[in-house]
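Numbering (the working numbering), first residue to last: 283 to 642.
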């Protein structure tokens, strides 16, 4: 487990005679009402400048590497953006194994320090965060890419499945063999929804396409991802959609060796290697972290709700395309994008087809 800490703002002096405490109590109880604002300002700050509100304290948990060039790094960048734009005091913990007991222990340690907000990045935190939030009612919690809510708990869900649906359309229109692949690791809800959407998009574009789909149990193992990609290519797949984190390099190597194309996710992998990546299902999953902090500062934190962010929000999700994608495919994807954003296409969340066995 990796712990990184950043300086927190000076705490409010709890002594009864403290001027900081007096200002805090007055603001909290509403005694400094509109008719008295001038008097309050004059007595509280003789220089005429308003008293400073302490920056929110935010603690974030990343169950993986923040340099994975994927999901975890995107979440960390959302936290850094919030730090830069809002001046928050932030700490984070990384490299926690995604087991419910370990996640809960890390979240409880963070909450015990008394931050204003605890961010649990990724749907693998759903159960653990719900458990811990119930034990710390005075702390707000958020699960990004989550599906849980309570009195002090909200979820922000950037709809990766909408960009995954577009990836399915691209794969079905690009395959020459009629066989496409899908690779992921942990069976968390966002990944399962993404797989279902990819399968549905492919079927809508080409009902006869054959899908090979695999959840290996590991997002970060490059030797494993290379082995699975090679096995899918040997089984006929010539386009593979990879929903991986640090383990993507193994799949890239396999595709490059065998001349298969890949569709990335989260970030724009086309920019990195357009010869391998025919497209990338982008999803700014860090937006959930940023929006949660913004809502906290604005006093609009959506406790008890799941806030969803999809194609209708500019910059949230989309599909980038390699230069060699033909115009007719681009036009088809643009039309489908508009239909999904407008709600004319409803992206399914469940898949009940066969799965591709993990090679040993």
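All C-beta atoms in this analysis are idealised placements derived from N, C-alpha and C, irrespective of residue type, glycine included.
Start and end of the alpha helix (DSSP H) containing residue i?
i           : result
residue 532 : 530–540
residue 550 : Here residue 550 belongs to no alpha helix (DSSP H), and DSSP marks it neither H nor E.
residue 611 : 609–624
residue 390 : 382–394
residue 593 : Unbroken run through residue 593: none, as it is neither H nor E.
residue 575 : 568–580
residue 471 : 471–487
Who are the near neighbours of residue i in its chain, counting only those whose CB is closer than 7 Å to its CB and skipping five residues on each side?
i           : result
residue 453 : 462, 484, 521, 523 and 545
residue 569 : 360, 440, 591 and 598
residue 604 : 552, 556, 559, 560 and 561
residue 378 : 283, 343, 345, 384, 385 and 388
residue 413 : 386
residue 500 : 467, 506 and 529
residue 490 : 460
residue 397 : 339, 340, 341 and 421
residue 638 : 494, 495, 496 and 514
DSSP state of residue i, grouped into three classes?
i           : result
residue 407 : helix
residue 633 : coil
residue 638 : coil
residue 557 : coil
residue 585 : coil
residue 414 : helix
residue 660 : The requested residue 660 is not part of the displayed model; the chain covers only 283 to 642.
residue 544 : strand
residue 468 : coil
residue 318 : Confidence at residue 318 is low in this model, with a pLDDT of 33, below 50, so the placement of that residue should be treated as unreliable; the coordinate-derived value is given next. Of the three classes helix, strand and coil, the one that applies to residue 318 here is helix, per DSSP.
residue 401 : strand
residue 420 : coil
residue 606 : coil
residue 526 : coil
residue 439 : strand
residue 349 : coil
If you drop the 5 nearest sequence neighbours on each side, which residues of the same chain put their C-beta closer than 6 Å to that of residue i?
i           : result
residue 401 : 342, 424 and 571
residue 593 : 444, 599, 622 and 623
residue 502 : 527, 528 and 529
residue 337 : 291, 369, 370 and 371
residue 504 : 529, 531 and 532
residue 449 : 480, 523, 545 and 563
residue 525 : 466, 473, 476 and 547
residue 352 : 527 and 548
residue 478 : 630, 631, 632 and 633
residue 446 : 476, 479, 480 and 563
residue 469 : 497
Quick one: Cα of residue i to Cα of residue j, how far?
i           : j           : result
residue 419 : residue 473 : 30 Å
residue 530 : residue 348 : 15 Å
residue 493 : residue 436 : 35 Å
residue 366 : residue 629 : 35 Å
residue 579 : residue 399 : 10 Å
residue 620 : residue 394 : 45 Å
residue 540 : residue 432 : 49 Å
residue 406 : residue 614 : 34 Å
residue 534 : residue 516 : 15 Å
residue 518 : residue 389 : 44 Å
residue 471 : residue 426 : 12 Å
residue 374 : residue 382 : 18 Å
residue 550 : residue 355 : 13 Å
residue 610 : residue 543 : 19 Å
residue 642 : residue 511 : 13 Å
residue 457 : residue 508 : 20 Å
residue 428 : residue 586 : 12 Å
residue 487 : residue 434 : 42 Å
residue 409 : residue 588 : 15 Å
residue 643 : residue 391 : Residue 643 falls outside the range modelled here, since the chain spans only 283 to 642, and no answer is possible.
So the beta strand (DSSP E) residue i belongs to, where does it begin and stop?
i           : result
residue 456 : Careful: residue 456 lies outside any beta strand (DSSP E), inside the alpha helix (DSSP H) at 442–456.
residue 341 : 339–344
residue 510 : Careful: residue 510 lies outside any beta strand (DSSP E), inside the alpha helix (DSSP H) at 504–516.
residue 364 : No beta strand (DSSP E) holds residue 364; the alpha helix (DSSP H) holding it covers 353–368.
residue 429 : That residue, residue 429, is in no beta strand (DSSP E); it is neither H nor E in DSSP.
residue 496 : 492–497
residue 601 : 599–603
residue 519 : It is not in any beta strand (DSSP E) - residue 519 carries neither H nor E in the DSSP assignment.
residue 375 : 371–376
Residues in its own chain within less than 8 Å of residue i by CB, not counting five upstream and five downstream?
i           : result
residue 364 : 340, 370, 372, 571, 572, 575 and 576
residue 612 : 603
residue 635 : 481, 493 and 495
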